[in-house]
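Here's the structure, in structure tokens; my notes come after.
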Amino acid sequence: MRGSRGPAKTALGLALTGLMLFPVYWMINVSFTRDQDMRKSPPNWFPVDGTLEGYREVLDRQLPYLATSLVVGLGTVALTLLVAAPAAYSLAKLRPRGGGALTFALLIAQMIPGIIMAMGFYAIFLSTGLLNTLPGLIVADSTLAVPFAVLVLTTFMSGIPEELLQAARVDGAGATRTFWSVVLPVSRNAVITVSLFAFLWAWSDFVFASTLDQGGDHQPITLGIYHYIGNNNQQWNAIMATAVIASIPATVLLVVAQRYVAAGVTAGAVKH
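Our numbering numbers the first residue of the sequence shown as -1 and each following residue consecutively.
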């Protein structure tokens, strides 16, 4: 009986995986479909007589949006690590007063709806001149990633053996040098994990972008797709081609960094 359950479970898993990935396949299929075949009944399950017109439209109109998203994503990663890594090191190893209260506040911060934070940022940015700017959008996106990054890095850094830090102190390293030369290299998997999530959150953000950068000269790809749907609601191959292109960076990062992410997420639990 047990031997017969294995293939059945595998088949069920493959079926469910195929069902979940079907929208992705259909998006790719439609991106290659000609306009005259878009409303064909029954539809083409494969891109018969496919066209690259949708991708030409992407190259003509969407590249500036993609470039902006790349800048915002990388800026969010940099700001997140700049704030979260030292904070996590302090909570994990220096144990300042109020560390428990700060950790609790970070947990609460993750529960605040994004639209509420966006309204608060709108009022602040309006008075500080950061509205409709890339730095403003980077700061806003970082508020989503920093609490998560601090919690993940704190958990990981708490598992670093004290003997390793003591050896650095014996060699004359202060707290700052120990952090840069010992703690950060050892925490590579956790750093890659939080960097990946910070980039993905910034890349896929729509709430902050639509609230804080709606009238800016440089808008991310989420707004590019949104405007494109409104302006070209009949050119579905171009819309889907835009979605495919926008998915490539996130997909590549997930494939390249998956082993680091798995190690970074589970290391704290294993060590504790």
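In this text, a Cβ means the ideal position worked out from N, Cα and C, and glycines have one as well.
- If you draw a straight line from the Cα of residue 10 to the Cα of residue 4, it is about 10 Å long.
- Apart from sequence neighbours up to five positions away, the residues of its chain that approach residue 75 with a beta-carbon distance below 6 Å are 193, 196 and 197, ordered along the chain.
- Taken through DSSP and simplified to helix, strand or coil, residue 167 comes out as helix.
- Taking residue 255 as the centre and dropping the five residues before and after it, the same chain places the C-beta of 190 and 194 closer than 7 Å to its C-beta, in chain order.
- Counting other Cβ atoms within 10 Å of its Cβ, residue 217 reaches 16 or more and is therefore classed as buried.
- By the CB criterion at 8 Å, residue 103 and residue 119 fall outside the cutoff.
- Look at residue 42 here: in three-state DSSP terms it is coil, with no helix or strand label.
- Cβ-Cβ distances below 8 Å link residue 243 to 53, 56, 60 and 64 in the same chain, with the five nearest sequence neighbours on each side left out; the list follows chain order.
- Boundaries cannot be given for residue 36, as no alpha helix (DSSP H) includes it and DSSP labels it neither H nor E.
- DSSP, reduced to helix, strand and coil, places residue 225 within a helical segment of the structure shown.
- With a beta-carbon spacing of about 5 Å, residue 89 and residue 152 fall inside the 8 Å limit used to define contacts.
- For residue 121, the closest alpha carbon among the candidates 109, 134 and 111 is that of 134.
- Residue 249 and residue 66 have their C-alpha atoms spaced approximately 18 Å apart.
- In the DSSP annotation of this structure, the continuous segment of the alpha helix (DSSP H) that includes residue 115 starts and ends at 112 to 126.
- Taken atom to atom, the span from the alpha-carbon of residue 94 to that of residue 73 is near 29 Å.
- Exclusion of the five residues before and after residue 30 leaves 45 and 48 as the residues of its chain whose Cβ lies within less than 6 Å of its Cβ.
- In the structure shown, residue 49 falls within a coil segment according to DSSP collapsed to helix, strand and coil.
- DSSP places residue 206 inside the alpha helix (DSSP H), whose first and last residues are 205 to 210.
- Here residue 129 carries a coil assignment [DSSP, helix/strand/coil].
- Rounded to whole angstroms, the Cβ separation of residue 186 and residue 176 is 16 Å, and the two are not in contact under 8 Å.
- Listed in chain order, the non-local C-beta contacts of residue 81 below 6 Å within the same chain comprise 144, local neighbours out to five positions each way being set aside.
- Spanning the alpha carbons of residue 27 and residue 124 requires a straight line of approximately 43 Å.
- Contact check for residue 148 against residue 188 fails: the beta carbons are separated by 8 Å or more.
- Rounded to the nearest whole angstrom, the C-alpha separation of residue 97 and residue 106 is 14 Å.
- Just so you know, the alpha carbons of residue 223 and residue 69 end up roughly 17 Å apart.
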